[in-house]
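Residue numbers (our numbering): 1036 to 1662.
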Amino acid sequence: MSTKHTHAFQAEVKQILHLVTHSLYSNKEIFLRELVSNASDACDKLRFEALDQNALFEDQPNLEIRLIVDKEARTLTIRDNGIGMSADEAIAHLGTIAKSGTRDFMSALDEAKKGDANLIGQFGVGFYSGFIVADRITVESRRAGLDAAQGVRWTSEGTGEFEVEAIDKAGRGTDVILHLREGEDDFLQPWKLRSTVAKYSDHIGLPILLRKETWDAEKSAYVVTDEWETANKASALWTRSKSDITQEQYDEFYKTLSHDSQAPLTHTHNRVEGRSEYIQLLYIPAKAPFDLWNRDKKPGVKLYVKRVFIMDDAQELMPSYLRFVRGVIDSADLPLNVSRELLQESRDVRAIREGSTKKVLGMLEALANSEDQADKDKYAGFWKEFGAVFKEGMGEDFQNHERIAKLLRFASTHASENVSLADYVGRMKEGQEHIYFITADSLAAAQNSPQLEIFRKKGTEVLLLADRVDEWMVSHFQDFEGKTLQSIAKGAVDLGQLQDEAEKKAAEAAAEAFKPMLEKLKESLKERAKDVRVTTRLVDSPACIVVEEGDMSAHLSRLLKQAGQDAPAAKPTLEVNPEHALVKALDGHARFDDLAQVLFDQALLAEGGALEDPAAYVRRVNALLLA
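Right, here's the structure in full:
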């Protein structure tokens, strides 16, 4: 007689189970999609492991999923003959969540007012969705290759504990037995199960079997027979002709694939022939996943070889800057026993990667360049969600550099968002030679930078770059359509032909007249500033901080320090506006050194920097106020 062992759920699982059983009721039927998807994955894993160990198929070479209804016992069983679980795997997989997404899952549920069951699969906890309709779940499983006596039964009522015991199980695979709650009898009706399968799981490449019903005239009711029938098309959706697939079917496949509750932004479905033969079905999501910025996050493209599942996260098939893309690639050329090492070296994989990258860029170009306002709005939505990631492509994908550059969007002094480089160049003033930009910690800091003053006065547009990736991006980006990019926070301001001769002569005269004062400022600030000079870039502000061409920007230096990295120490240059009252007040001021230090500190604060000695700044300001 076997012995039952009671285990406590991981703390995070307890929280999830509480939410599932008390809060998630917006779309109950989602549980069937999740459990059928898990069953399909188990079959895929068996097929993959059996490539090297054919004996794992035992006496059941045909993989399938069965939905079994027992109306008297009020149970619904989802049965698969896939890889199955050992006792240790049942405890590990069904009692803990071995990932860091739990807190994000709770947060997302809270934002959704704890009402969206679609979220549950997105965070890797799809099994627990069964408790939406069941007050008890029993799982009976045996891992392929183990003896029949090494089966395991896992049972829980979705509270704080679960029980595990050893059982005899003749067939490999897993039975998930849902003991339905009162009021959930719809899920004991074959018509309900068929319609749910057709809606969410029609694309599953395995047969999903239900017992056939026939009409009994004497009983005036449908009766269940011993004959099984397939409830889904049982063919991988991506292998079917595009003309046979509806938009709704594409969308439902995406939702199952990504565990996203929303339809995708757009998709592409192609059969590629030539040097490499493969099928690609790729989607761009409408919303960024919660873990987009997780460095350990793997790309979401599934790899199949001749319809055989190989791996979930084939990183080599999609560049990192397109890691938000979801989909399936099915190769006709790669070997079935392909390894990650072989993926890195394969010419076929490189061809697939290049072809898939071009298709994704093509999807984005179709939206960005469309005359349809709805498509333009879609692209604006894409950029809001994924623009900061997409910018990484400027430093990663030199082959598609020009195409990526045309897809970039920015805020500027002329528009709050969605300014393309082509838009900017089209608005450039006559004689303007550069595409001007400024980087800052935030959009507000960029918009209010004193370094913009002369450009605003001249009506010259400046791009405002406030994403953390922007500094890195522009280091790989020198020009666009023959126009060089120029940071307005580096070197002396260069307005070229935008500045007339009278202005240039006035600036030179001011610099000459201000020379004695500059020498005094240089002496006073010699420990903090590389140089002090008169500038024409300021209109309303007394001073600003700039760095020389070739030096690291102050913004990048701050980003490196925040990341715990050493930043090369380079003194900035202080530029002063000789027409400003505060600068004029320096002449003959009794506390010249204090005022010079305050001027430097204020310029540093205005461009987003941090003071090394805030207390000293406060003392100097207080002393000047009381003078």
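No residue lacks a Cβ here, since even glycine has one placed at the ideal position from N, Cα and C.
- Here D1476 has G1643 as same chain residues with Cβ atoms under 6 Å from its own Cβ, once five neighbours each way along the sequence are excluded.
- Contact between R1438 and L1396 holds: their C-beta atoms lie close to 5 Å from each other, under 8 Å.
- Sequence-distant Cβ neighbours of W1418 in its own chain, meaning closer than 6 Å and more than five residues away, are R1444.
- Annotated three-state conformation of T1291 is helix, per DSSP.
- Its Cα nearest to that of M1398, the residue L1442 stands out among L1442, L1639, Q1379 and L1371.
- Distance check between V1633 and each of V1460, R1655, V1574 and I1319 places R1655 closest, using alpha-carbon atoms only.
- For E1262, the enclosing beta strand (DSSP E) starts and ends at A1256 to T1265.
- Minimum Cα-Cα distance from G1494 among the listed residues R1563, M1463, I1103 and S1484 corresponds to M1463.
- The beta carbons of L1213 and A1169 sit closer together than 9 Å.
- Inter-residue distance for I1364 and A1090 is about 28 Å (C-alpha atoms, whole angstroms).
- Distances from the CA of A1641 to each of S1484, I1319 and E1406 were compared; the closest alpha carbon is that of S1484.
- Listed in chain order, the alpha helix (DSSP H) runs fully inside the segment 1173-1236 are 1225-1235, counting runs of at least 4 residues.
- Around the beta carbon of R1491, fewer than 16 other beta carbons lie within 10 angstroms, which makes this residue exposed.
- Remark: C-beta atoms of A1201 and T1041 do not approach each other more closely than 9 Å.
- In this structure, DSSP gives T1448 a state outside helix and strand, which the three-state scheme calls coil.
- In the three-state reduction of the DSSP assignment, G1397 falls in the helix class, which pools H, G and I.
- For H1302, the pairing in a beta bridge is given by DSSP as Y1318.
- When only Cα atoms are considered, A1625 and E1584 end up about 35 Å apart.
- Per the coordinates, the alpha-carbon of K1606 lies some 9 Å from the alpha-carbon of V1581.
- Taken through DSSP and simplified to helix, strand or coil, R1068 comes out as helix.
- Judged by their CB atoms, D1502 and K1426 are nearer to each other than the 9 Å cut-off.
- Annotated three-state conformation of V1360 is coil, per DSSP.
- In the DSSP assignment, R1626 falls outside any alpha helix (DSSP H) and carries neither an H nor an E.
- Around the C-beta of L1661, fewer than 16 other C-beta atoms lie within 10 Å, and the residue is accordingly described as exposed.
- With contact defined as three or more Cβ pairs closer than 8 Å, the segment 1204-1211 and the segment 1234-1253 are not in contact.
- Every beta strand (DSSP E) stretch that sits fully inside the segment 1491-1527 and reaches 3 residues is listed by chain position as 1498-1500 and 1518-1522.
- Going by DSSP, F1417 is part of no beta strand (DSSP E) but of the alpha helix (DSSP H) stretching over Q1408 to F1425.
- With respect to L1129, V1174 sits close: the two C-beta atoms are nearer than 9 Å.
- Residue range G1428 to E1431 is occupied by the alpha helix (DSSP H) that includes G1428.
- Annotation for D1432: P1354, Y1356, T1392 and I1439 place their beta carbon closer than 8 Å to its own, counting only its chain and skipping 5 residues before and after.
- Between the segment 1188-1198 and the segment 1100-1115 there are fewer than three C-beta pairs closer than 8 Å, too few to call the two in contact.
- Less than 9 Å divides the Cβ of D1566 from the Cβ of L1609.
- In this structure, L1630 keeps its C-beta atom at 9 Å or more from the C-beta atom of L1639.
- Taking 9 Å as the cut-off, the beta carbon of F1066 is found no closer than this to the beta carbon of G1218.
- If you ignore the 5 residues before and after T1303, its C-beta comes within less than 6 Å of the C-beta of L1317, K1394 and M1398, all in its own chain and listed in chain order.
- DSSP places L1129 within a helical segment (H, G or I) once states are collapsed to three.
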